[in-house]
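Here the protein sequences line up with chains A and B, keeping their order.
All residue numbers for the first sequence refer to the working numbering, where the first residue is 351 and numbers rise by one.
All residue numbers for the second sequence refer to the working numbering, where the first residue is 4 and numbers rise by one.
By construction, the Cβ of each residue, glycine as well, lies at the ideal position given by its N, Cα and C atoms.
As the structure is a computational prediction, the values presented were derived from the model and not from experiment.
Have a look at the structure below before the remarks.
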Amino acid sequence: MTLDTTSAHEAQTLDQVVIRFAGDSGDGMQLVGDRFTEISAAFGNDLATLPNFPAEIRAPAGTIAGVSSFQVHISDHDIVTPGDVPNVLVAMNPAALKANMSDVSPGTTLLINSDAFDQRNLEKAGYAANPLDDGSLAAFNVYPVPMTSITVEATRELGVKPRDAERSKNFFALGLLCWMYTRPTKPMIEWIEKRFADKQTVLDANLAAFRAGRNFGETAELFDNPYEVAPAKLREGKYRNIIGNLALSYGLIAASQKAKLPLVYSSYPITPASDILHELSKHKNFGVKTLQAEDEIAACGIAIGAAFAGALGVTGTSGPGVDLKSEAMGLAISLELPLLIVDVQRGGPSTGLPTKTEQADLLLAMYGRHGESPLPIVAAKSPSHCFDAAFEAVRIAVKYRTPVILLSDGYLANGAEPWLLPDVDSMADISVEFATEKNHGDEFWPYLRDPETLARPWAIPGTPGLAHRIGGIEKEDGTGNISYQPENHEHMVHIRAAKIAGIANDIPLTDLDDDGGDEVLVLGWGSTWGAITAGVRRVRLRGRKVSHAHLMHLNPFPRDLGDVLSRYRTVLVPEMNLGQLARLVRAEYLVDAKTFTRMAGVPFRAAEMEAKILEMYA
Amino acid sequence: MTDTGVTLTRKDFESDQEVRWCPGCGDYGILAAIQFLLPELGVNPDEMVFVSGIGCAARLPYYMNTYGVHSIHGRAPAVATGVAMARPDLHVWVIGGDGDMLSIGGNHLIHALRRNVNLKILMFNNQIYGLTKGQYSPTSEVGKVTKSTPFGSIDHPFNPVSLALGTEAGFVARTHDVDRKHMMEVFRRAHEHKGAAFVEVYQNCNVFNDGAFAGILKRDVRADMLIDLKHGEPIVFGADNQLGVTLNEFGEPSVCQIADVGMERLLVHDEHRSDPTLAFALSRLADAPNVPTPVGIFRDVERPVYEVEVQRQLAAASERSGPGDLAALLSTGSTWTIS
């Protein structure tokens, strides 16, 4: 695909395009990126997005540190990544241009707000000379557009002060892009009218700026023609656009409904998980109770207390919060109560990169507690898959009376894609029965296990005759009484491990995209799914056979994983960490897995994935 | 709450587990007071949950024939908050010591009190770490020589009642392990209070801090050293009711001879004052249990209960939007169909 086209007035058809909006943190780039995405989704394109913003709410204006961007990939066919590099870069100021130059290749369209390229902004961005004048952008299709002044002009008659009018320039850019890619205008106008209904001046200014952007495209004769990206022929069904945190929240509500357990979600604010708390707190008519706890530890303790009392206890956080919750997670392992811990991973260690993505918490999830303390781990692979992963994590937690860690990450949390809506009525019933009867003669034994699942009975307070005490001290299997007996502890350590290992019989076999070769298998987990899928497609287009296995269950692994790995000459494990899954499969299956690692705070690119896979044939 | 229709006894609240505190520990008396009281309250043991953290006191739930969770160090108020939030119908009691609740779990204690979760929080204060064998605690006096402070503690201690009043807890009281009747009365009032109730229980650790409260609790000094707060009455104490409490021009309390100041100058205790200032002033009378020390109920003021408010918001949401419709929720916003 290219944007270098011969002159024509008709809209020209593209199969896909990657657009990146970049500006200052205060320029509203996330907002217009979101809007362009929503319009494209409703139009029927397949899409994937990559928001990228600094942790600071407002870094110094005009500086490289303050640049915020939003990349959206739209297409007329099935796509799986937000695109490696943009075909179109919208740069609202010199810093936004400079910060993104490393990602643009010759021929890329640069839509530049020329008004912002004054001496002061150029200096802040570290430009010695104005790149619009010095020929340094000669290899690109540069369109300098005075976005600020046209916006101010367009809003002048509305009585908007120039300073306020300037703030609408993001809508000008959106209007121009909507013209360039023939996006429907009506839903955008309706959205602006609804969103700013209580601020008439802002509404008028944004609307005027949006229209001015469209009109500019039509009349300025800068552009040869607009482009069309037709709707994608995806699987039949009803779709919506969704980001990972929203899908995950919906997954929890759905699981609560299908488990017939009221959801208690307690959480401490932390990027990038806070939106789950925000979302769930809206849905009280689903019986969802949310609590913003005093700290991460309390958030986990509250969820455990709720679980003891018979609710679906869930706590959500990011890596630093998981560190803090680890003792409470150990308690839940010992109490053998259902609990879900959501870890929306971000760059670490310590505070690390709060707004950037990473998958370096796998070993933390696996081993980050004292003692032998196994728990199941489930990972989401795409924004919409966060729904399924949350549902599955709850199913396991409830059925096996165990804490489960659900791994998402910053990219999934904020990234968007179309979602084929599930049929609510055909979703599995994941409810379990509470204990209501004594189970050992005239006594109730809280640790008398189901022989198949090894789960213990869940007897909730208020159940007549089943009053019992449980705690974090080692207990005798069966009775649950405190026991320091050596043989009993040995037995309990093994039975807790066996319970988790046994879940392998209750999860699907390895999700394997096998094209019949036996040379290279790419093994992934979590959000690398998109980049691996795209890389694998490219390698196949080059005539190579390559298979892709993607793990949703990381503990236990699918029961056939060892067999699958043994069928290939080379196993390549791409991860946004230093090789954590590779270490696990090496230890478990003695397979000489090759690692491919990247920790740049952004997802792998399809091109680098393709190149790395091809290396495996050398 | 269901009425069992059967009169229960102390036995109905005793579990089959052997009580394993050191012989002579004050915890035995507190456990007995709780087990004597509960039948009188008409509470169904199956509708009670005792939640504790870690420490000697925290073993208490194992000895109660109710539902119970022996959780992790300091976190009992959080776990109990989860129980109460999920199930406002239950009676939830929290048991812990001074180290559990004021040191490692201080944050959870103040937030449970601030939120006003309907928890009955009994803090057994023995001014020492017992289960770890004798380190100073956040209520130990300055200068205390322990295993971890061989040259004497230089930490200033908390006054637990002042701390609880500082959180604006609705119910704050103090009692002690040598007077079962007093304990039962204070626990009863805590139970009757709607919302978070904090009770400091002076408790003797006869192994690591024996006699910590002897200066006020020994039989021969008690009359002159314990100030038994009674709502609506002038604060009077002493073997011959010769002592009282007055406030100076700054609102600071002091002990006086009634003969010197006259009854009319004595402070009249009002546990229902919505402003916690006077209660706080009373709590400042004694920094340590070696001067006349108030016991009883410092404050009993009702305010909105956390889990009741949670339920109210849920009910209002259902009233407003109807019960949740999952299919409708998932398709919120723009959707499109591919056929």
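Assigned exposure category for residue i - 16 Cβ within 10 Å defines buried
i, result
"V308/B", "buried"
"V148/B", "exposed"
"R892/A", "exposed"
"K123/B", "buried"
"E388/A", "buried"
"T501/A", "buried"
"D668/A", "Note that residue 668/A corresponds to Ser in the displayed sequence, not to Asp. Flag for S668/A reads buried."
"L859/A", "exposed"
"V271/B", "exposed"
"F154/B", "exposed"
"R302/B", "buried"
"A968/A", "exposed"
"N437/A", "buried"
"N450/A", "buried"
"M266/B", "exposed"
"S676/A", "buried"
"E869/A", "exposed"
Cβ neighbours of residue i in the same chain (closer than 8 angstroms, five flanking residues each side left out)
i, result
"D374/A", "A411, G412, G416, V417, S418, M442, N443, A445 and A446"
"A141/B", "In the sequence on display, residue 141/B carries Pro and not Ala. Closer than 8 angstroms at Cβ, skipping near neighbours: D101, G102, L105, S106, G109, D158, P160 and F161."
"P456/A", "A489 and F490"
"T813/A", "F784, A785 and T786"
Beta-ladder partner(s) of residue i, from DSSP
i, result
"Y309/B", "DSSP lists no partner for Y309/B."
"P753/A", "L689/A"
"L460/A", "L439/A and V492/A"
"S897/A", "L871/A"
"N905/A", "I727/A"
"W24/B", "Bridge partners of W24/B: none, in fact."
"D863/A", "H898/A"
"H73/B", "G821/A and S55/B"
"L250/B", "P256/B"
"M67/B", "E17/B"
"G373/A", "S418/A"
"E136/B", "The sequence given here has Lys at residue 136/B, not Glu. According to DSSP, which records beta bridges pairwise, K136/B is partnered with nothing at all."
"F174/B", "A200/B and D303/B"
6 angstroms CB neighbourhood of residue i in its chain, flanking five on each side removed
i, result
"Y615/A", "L630, T640 and V664"
"V52/B", "Y70, V86, L93 and V95"
"N520/A", "D377, G378 and V382"
"V120/B", "T84, A87, A199 and Y309"
"V239/B", "G247"
"H427/A", "A582"
"G912/A", "Y939"
"G745/A", "Note on identity: in this sequence residue 745/A is Arg, with Gly being the wrong assignment. If we look at R745/A and ignore the five residues flanking it on each side, its Cβ neighbours are I780."
Own chain residues within Cβ distance below 7 angstroms of residue i, not counting five before or after
i, result
"S277/B", "V304"
"P26/B", "none"
"V311/B", "P91"
"R268/B", "T249"
"A809/A", "F784, A785, F794, P796, L816 and H818"
"A851/A", "P906"
"D465/A", "P496, M497, T498 and S499"
Practice task
Say whether the segment 400 to 415 of chain A touches the segment 563 to 576 of chain A, bearing in mind that this needs 3 or more beta-carbon pairs closer than 8 angstroms, one atom from each stretch.
Solution key: no
Handout entry: Contact the segment 286 to 303 of chain B vs the segment 219 to 236 of chain B: 3+ CB pairs below 8 angstroms
Key = yes
Exercise for the section: Tell me, please, whether the segment 740 to 757 of chain A touches the segment 673 to 686 of chain A by the rule of three or more beta-carbon pairs shorter than 8 angstroms. Expected result: yes
Problem - Near-chain A residues of the segment 15 to 41 of chain B - C-beta to any C-beta below 8 angstroms - result: Within the segment 15 to 41 of chain B, the qualifying residues are S18 and Q20.
Handout entry: Contact between the segment 831 to 844 of chain A and the segment 734 to 748 of chain A (3+ Cβ pairs under 8 angstroms)
Key = Contact fails between the segment 831 to 844 of chain A and the segment 734 to 748 of chain A, because fewer than three Cβ pairs, one in each stretch, are under 8 angstroms apart.
Exercise for the section: For the segment 56 to 80 of chain B, enumerate the residues whose C-beta is nearer than 7 angstroms to any C-beta of chain A, in chain order. Expected result: P64, Y65, N68, T69, Y70, G71, V72, H73, S74, I75 and R78
Problem - Under 8 angstroms (Cβ pairs) to chain B, residues found in the segment 812 to 828 of chain A - result: Contact residues of the segment 812 to 828 of chain A toward chain B are G812, T813, P814, G815, L816, A817, H818, R819, I820, G821, G822 and I823 (C-beta to C-beta distance below 8 angstroms).
Handout entry: Under 8 angstroms (Cβ pairs) to chain A, residues found in the segment 90 to 109 of chain B
Key = R90, D92 and L93
Practice task
Below 8 angstroms between beta carbons is the criterion; list the residues of the segment 608 to 637 of chain A that meet it against any residue of chain B, in chain order.
Solution key: With the criterion set as a beta carbon lying under 8 angstroms from some beta carbon of chain B, the members of the segment 608 to 637 of chain A are P612, V614, S616, H633, K634, N635, F636 and G637, in sequence order.
Handout entry: contact_flag[the segment 172 to 184 of chain B, the segment 200 to 208 of chain B] where n(CB pairs < 8 angstroms) is 3 or more
Key = yes
Exercise for the section: Inspect the CB distances between the segment 284 to 293 of chain B and the segment 590 to 605 of chain A and report whether three or more fall short of 8 angstroms. Expected result: no
Practice task
May I ask you to list, following chain order, the residues of the segment 749 to 767 of chain A that have a beta carbon less than 7 angstroms from some beta carbon of chain B?
Solution key: none
Handout entry: Residues in the segment 659 to 670 of chain A having any Cβ partner in chain B nearer than 7 angstroms
Key = A659, G660, A661 and G663
Problem - Residues in the segment 307 to 323 of chain B having any Cβ partner in chain A nearer than 7 angstroms - result: V313, Q316, L317, A320 and S321
Exercise for the section: Pair every Cβ in the segment 209 to 220 of chain B with every Cβ in the segment 37 to 48 of chain B, then say whether three or more of these pairs are closer than 8 angstroms. Expected result: no
Problem - Segment contact flag, the segment 189 to 199 of chain B with the segment 322 to 341 of chain B, C-beta cutoff 8 angstroms, min 3 pairs - result: Short answer: they don't touch.
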